[in-house]
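>
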Amino acid sequence: MKKQLLSDLYLRLQSQDILLQKGYDRLLCLPELSIEPKPWQIETALKALGDMQGSALLADEVGLGKTVEAGLIMKELIHRGLIRSILVLVPSPLIEQWKVEMEEKFSLSFTDMRQKGWEKQELVITSLQYPIRSKERKAKLLTKTFDLVIVDEAHALKNHQTSLYKFVYQLKRKNTILLSATPLQNDMREIYNLINIMKPGYLKSRRIFRKEYMIDRFTPKNVKRLKDLLNDVMIRHRRANTLTELPKRSLLNSVIEMDSLEKSFYNDVTEFCKKIHLDYDKKTMSIMTLILLLKENTSSPQAVISTLEKSILPKLSKDDQKVCKQLIALGQQVQVTSKMKKMKEIVSSSSEQYIIYSEFQHSIEHLRSYLEKNGFSVVTFSGALNSKQKEAVIQTFKEGKAKILLSTEAGGQGINLQFCRNLIHFDLPWNPMRIEQRIGRVHRFGQTKEVQIYTIPTSGTIDEYLLYILTSKINLFEMIIGELDTVMSYMKEGNETLETTIGKILLDSKNSKEIEEKMKKIGEDLVKARNEFVENETQSSKLLNHIGVETNGHS
Amino acid sequence: MDIHELKAYFFNACAFLHIEINEIQPDIYHLVFPKKLHHVFKEEQMNITFLKEHQHLASFITTESYVLQKIAHVVTQQPKGMSHAFLPFSLQEVKQRARQLFSPDCTITFQQENTITQRYLVLWFKFTLKGFKVEESLRAFKYNLATGDISFLPFDLQELFSRVTESKKALPTIENIEEINEKMMKKATKSGASFVKEKTSEVEQELEKEIKRIHDYYDLLQLEDAFAETASTVETREEREESLKSERYLLIEQQKIKYTFHEEDLTIEPVEMVVLTEEIEYCEMTVSNSFGTHHFTLSGDMENPFICSLTKRKDGPFTLISDGRILLQEKARVCTECLQTFDYTQMKLCAVCDTSVCHSCAKRSSLTQAALCSKHATSCQGCRQQVATNEIQECGSCRDPYCRSCLSGELCELCFDLY
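Those protein sequence lines, which keep their order, are chains A and B. Start counting the first sequence at 0; every next residue gets the next number (numbering that gives the first Met the number 0). Start counting the second sequence at 0; every next residue gets the next number (numbering that gives the first Met the number 0).
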């Protein structure tokens with residue numbers, strides 16, 4: 000063996016000593032993340048893991064990234080080899096977003112409980128209601144012991160008499176993380192219920208809690224003692240103490256009219272979908288395929304044609320095949336849509352860079368060729384690229400070598416595009432969470448200019464209805480990033496996603512009036528959810544501020 | 000690590016890894032990474048600071064900071080070699096301490112000095128215990144290359160490296176190094192149980208607290224149930240009791256699983272090694288005073304060989320007492336009768352004058368059994384027994400001394416008969 004200087008040995012041993020893990024003085028998982036967590040998020044994770052020993056109520060105000068905090072806690076525990084099994088319970092509209100976020104930011108692959116073989120997986124995600132709707136599913140979960148259970152939008156557990164509460168209470172687990180920006184809403188006992196799930200008996204019995212800490216439902220007593228108790232199990236940051244304000248964002252909405260050819264193609268596709276939906280059973284023609292077709296119909300004929308050819312045509316009767324082929328032929332005549340012309344007009348209006356989002360790869364490809372023919376430098380980003388290719392695309396765009404970045408959402412969760420301020424929704428996802436994710440790529444820390452969001456809804460299409468709801472009813476485009484998650488959690492949990500609901504509205508409605516009415520109902524539900532959330536957030540903040548539950552933030 | 004140690008470590012590590020470092024303004028340093036480290040740091044250069052107030056200008060370095068952790072990691076990944084350390088255990092300090100530890104009445108001399116050299120292979124192991132948190136520690140063992148004995152290295156890193164120097168001698172050839180490593184691994188594994196025990200006892204309090212919380216809660220619930228007037232049927236009450244019982248049990252079990260460390264959760268990994276040559280000086284020491292002489296063997300690796308035979312304290316100052324034992328000077332007493340020195344438990348106080356007298360010199364009062372010095376012991380003219388001088392009364396007529404048993408009135412028996 001080669002001789003080594005003693006001073007080198009000392010340096011090596013000092014290095015070994017520095018690398019030793021002594022409790023939770025730092026997060027070791029950071030190098031493995033594709034994001035750079037904010038200081039208060041790191042502080043929260045360290046506090047939850049260290050002082051609170053793995054069980055905590057994360058009650059940051061909306062927009063501060065409670066999901067990232069939960070992700071950090073999970074990742075750190077996994078990185079240190081301390082846990083294996085995790086169960087995440089979230090409101091059903093958030094499952095997909097959670098899965099993608101965990102995968103993209105933390106490389107954690109969760110299996111949805113609706114997937115076959117979930118029992119064998121260590122990282123399981125499901126909606127709050129799904130397990131309790133079936134005795135078998137419930138029993139399966141109750142026999143397991145989880146190293147960590149996470150409940151997002153945990154205000155759903157405010158009532159201890161619900162079957163959901165009783166189910167979560169019974170779950171065998173070593174650690175519990177609850178996430179809620181509104182841990183108490185109408186009654187002080189709600190916070191008791193949340194903490195009692197995490198640490199049964201920490202606040203004694205319900206009766207004693209009421210006697211010792213409540214004057215009435217809204218008024219606490221023995222505030223100092225209550226504050227101390229809560230601060231030992233609860234972490235709450237406020238926006239005012241943490242965030243530096245992001246620049247404004249504005250919505251630039253250009254409603255366009257289709258020409259007669261486009262209109263005829265659009266209407267024929269819609270009618271064709273309705274016919275297929277009526278004539279064929281679900282096994283032959285899945286409703287999801289038809290919904291996809293309807294969504295593509297708001298994007299580009301090229302996207303529609305591809306699905307018609309690949310997924311629809313082979314399954315049709317001879318007569319219907321004929322109709323379908325005619326439809327394809329009609330679509331092929333539409334090469335440059337009014338929407339594309341409008342898009343070209345927008346990107347030509349300034350020398351700045353633009354990000355154009357579409358949900359469909361075929362639309363992206365068609366747009367690329369159209370833009371390039373018109374002399375624009377374009378790069379495309381999609382989930383089909385490997386990580387090196389993705390990096391190269393972003394780098395090219397960042398260096399200003401391309402004016403336009405064409406992107407699908409797929410695989411783009413972890414990317415930061417805050418150096419660009421113009422975003423065009425070429426088509427509009429029917430899931431508002433996806434719209435928010437698109438905006439989140441540019442309207443984030445590091446953005447210095449006002450963000451301009453362009454939408455190009457086509458008059459008389461579902462896009463127009465949807466946009467009306469999202470802008471006029473819930474003001475989506477001005478919401479704080481993250482607020483929509485909480486609003487969605489206040490929506491009554493149904494069995495289907497908003498996308499499916501909208502798709503079914505289109506397929507089942509007799510005329511545009513019926514569509515309008517049904518969409519109006521969705522809008523009303525969203526408004527109701529948002530109002531309820533705003534009211535609860537105000538009430539919650541008022542009470543928590545009165546008690547003094549607050550973690551000092553970083554500015 | 001304080002900021003100075005941290006800085007020193009950082010600069011040494013940078014030099015070791017060929018990272019260029021320049022102070023570009025007070026307390027802000029510019030690092031330029033060599034090409035081979037670009038992929039590690041994902042940057043070619045960066046600014047760092049050790050002061051929190053400058054963290055908006057440069058990356059703030061603490062022991063937990065990303066950059067330092069990365070540097071430490073890269074250092075440990077560099078090719079290893081074998082170092083040869085020399086650890087002298089000189090007598091100089093031990094002798095000086097010995098002189099200071101004895102009272103001036105003692106004479107100290109040193110004789111027969113010699114030196115023994117021992118060669119060891121020292122191996123550092125990283126102990127990693129995973130339970131509800133990770134506990135890691137570096138522990139070193141030394142293998143005597145001559146005898147094969149394995150013992151724990153009693154120094155922490157800083158202390159060891161403040162004492163060792165680079166050995167001037169060539170590295171010895173160790174033929175059976177793998178066998179030695181295996182033996183040391185066995186020894187380290189054996190000591191793992193105590194590490195687990197130590198860590199378990201650290202979290203035991205936490206577990207007890209959690210279990211108490213659960214018991215208190217369920218006791219309360221049961222009590223509240225007992226007083227509840229709305230209890231429905233006997234069956235539902237029984238069912239409720241049963242479910243509370245099972246919930247309580249399950250919750251406690253979950254806490255036990257969470258807060259228990261198991262030996263199988265411990266991993267031990269050898270990380271670094273060094274050949275250590277210890278040179279220990281020995282000598283004989285003689286302590287003597289008017290009461291006797293004591294011999295000791297001193298060695299340079301001794302902490303303190305002297306110990307008070309009465310209190311077991313080691314801090315001195317010591318003296319030698321009449322029976323030849325070593326004693327803390329403050330615990331030694333001189334007998335006013337024989338002028339010999341004893342430990343204070345061997346002494347008696349005269350009941351009349353409070354002076355110290357040893358067991359052998361002390362007299363006793365036949366009336367009270369109290370100790371007396373010879374000055375305050377006298378004999379009764381009546382019973383001829385030894386008593387204290389303050390227990391004596393004179394006869395009102397003949398003036399002879401009598402104890403209170405022999406003189407009941409003013410006159411002794413003889414004078415009383417005469418009158």
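Cβ atoms here follow ideal geometry from the backbone N, Cα and C, with glycine treated the same way.
#1: I think B/Phe151 touches B/Gly299, with their Cβ atoms under 8 Å apart; what is that distance to the nearest whole Å?
#2: Please list the partners that B/Ser82 has in chain A, where partner means a Cβ-to-Cβ separation under 8 Å.
#3: Going by CA-CA distance only, name the one from A/Pro300, A/Val335, A/Ile403, A/Leu384 that's closest to A/Val346.
#4: In chain A, which residues lie with their C-beta within 7 Å of the C-beta of B/Phe160?
#5: If the cut is a Cβ gap below 8 Å, which residues of chain A does B/Val163 touch?
#6: To the nearest angstrom, report how far apart B/Ala350 and B/Val386 are at their CA atoms.
#7: Determine the contact status of A/Glu449 and A/Arg248, defining contact as a CB-CB distance below 8 Å.
#8: Once the 5 residues before and after A/Ile275 are set aside, which same chain residues still bring their CB inside 6 Å of it?
#9: Step through the CB atoms of chain B and report whether any lies within less than 8 Å of the CB of A/Lys134.
#10: Determine contact between the region 382-392 of chain A and the region 315-323 of chain A, defined as no fewer than three beta-carbon pairs at a distance below 8 Å.
#11: Using a C-beta cutoff of 8 Å, does B/Leu249 count as contacting chain A?
#12: Below 8 Å, can you find three or more Cβ-Cβ pairs linking the region 25-34 of chain A to the region 208-218 of chain A?
#13: Going by Cα to Cα distance, which pick from B/Gln345, B/Cys334, B/Ile320, B/Glu22 is closest to B/Val356?
#14: Kindly say whether A/Pro38, judged by its beta-carbon, lies nearer than 8 Å to any beta-carbon of chain C.
#15: Would A/Arg11 be called buried (16 or more neighbouring beta carbons within 10 Å of its own) or exposed?
#16: Which value, in whole angstroms, describes the spacing of the CA atoms of B/Gln253 and A/Gln15?
#17: Of all Cβ atoms in chain B, is any one closer than 8 Å to the Cβ of A/Ile311?
#18: Can you check whether the CB of B/Leu5 is closer than 8 Å to the CB of B/Val73?
#19: Three or more C-beta pairs closer than 8 Å, one from the region 535-544 of chain A and one from the region 319-333 of chain A: is that the case here?
#20: Under 8 Å between beta-carbons, which chain B residues line up against A/Lys143? List them in chain order, please.
#21: What distance in whole Å lies between the Cβ atoms of A/Ile473 and A/Leu525, which are believed to be in contact at a cut-off of 8 Å?
#22: Applying the criterion that 16 or more other CB atoms from any shown protein chain within 10 Å of the CB defines a buried residue, is B/Cys105 buried or exposed?
#23: Does the distance from the CB of B/Glu262 to the CB of B/Gly191 come in under 8 Å?
#24: Are there any heavy atoms of the ligand SAM lying less than 7 Å away from the beta-carbon of B/Phe88, as far as the coordinates show?
#25: Rounding to the nearest angstrom, what Cα-Cα distance links A/Leu5 and A/Gln13 in this structure?
#26: How should A/Ala180 be labelled, buried or exposed, when 16 other C-beta atoms within 10 angstroms of its C-beta is the threshold for buried?
#27: Are A/Ile94 and A/Asp111 closer than 8 Å when you measure CB to CB?
#28: Hey, does B/Val74 have any beta-carbon neighbour from chain A nearer than 8 Å?
#29: Could you check whether the Cβ of A/Gly53 sits closer than 8 Å to any Cβ belonging to chain B?
#30: Roughly how many angstroms separate the alpha carbons of B/Tyr8 and B/Glu158, rounded to a whole number?
#31: How many angstroms separate the CA atom of A/Tyr168 from the CA atom of A/Lys74?
#32: Since A/Leu469 contacts A/Ile434 with CB under 8 Å, what's their CB separation in whole angstroms?
#33: How big is the Cα-Cα spacing for B/Phe317 and B/Phe109?
#34: Compare the beta carbon distance of A/Tyr214 and A/Lys338 with 8 Å and say whether it is the shorter of the two.
#35: For A/Thr218, which beta-bridge partners are listed by DSSP?
#36: Going straight from the alpha carbon of B/Ser378 to that of B/Leu371, what length do you get?
According to the data block:
#1: Going by Cβ atoms, the distance from B/Phe151 to B/Gly299 rounds to 19 Å, so no, they are not a contact pair.
#2: Lys2, Gln3, Leu4, Leu5, Asp7, Leu8
#3: A/Ile403
#4: Tyr9
#5: Leu5
#6: 11 Å
#7: yes
#8: Met284
#9: no
#10: no
#11: yes
#12: no
#13: B/Cys334
#14: Here the protein chains are A and B, and chain C is not one of them.
#15: buried
#16: 34 Å
#17: no
#18: no
#19: no
#20: Within 8 Å Cβ-Cβ: nothing; A/Lys143 doesn't reach chain B, min ~12 Å.
#21: 5 Å
#22: buried
#23: yes
#24: With respect to the ligand SAM, the structure shown offers nothing to examine, as it has no ligands at all.
#25: 12 Å
#26: buried
#27: yes
#28: yes
#29: yes
#30: 16 Å
#31: 24 Å
#32: 7 Å
#33: 17 Å
#34: Reading off the sequence, residue 214 of chain A comes out as Ile, not Tyr. Contact flag unset, no.
#35: A/Asp215
#36: 12 Å
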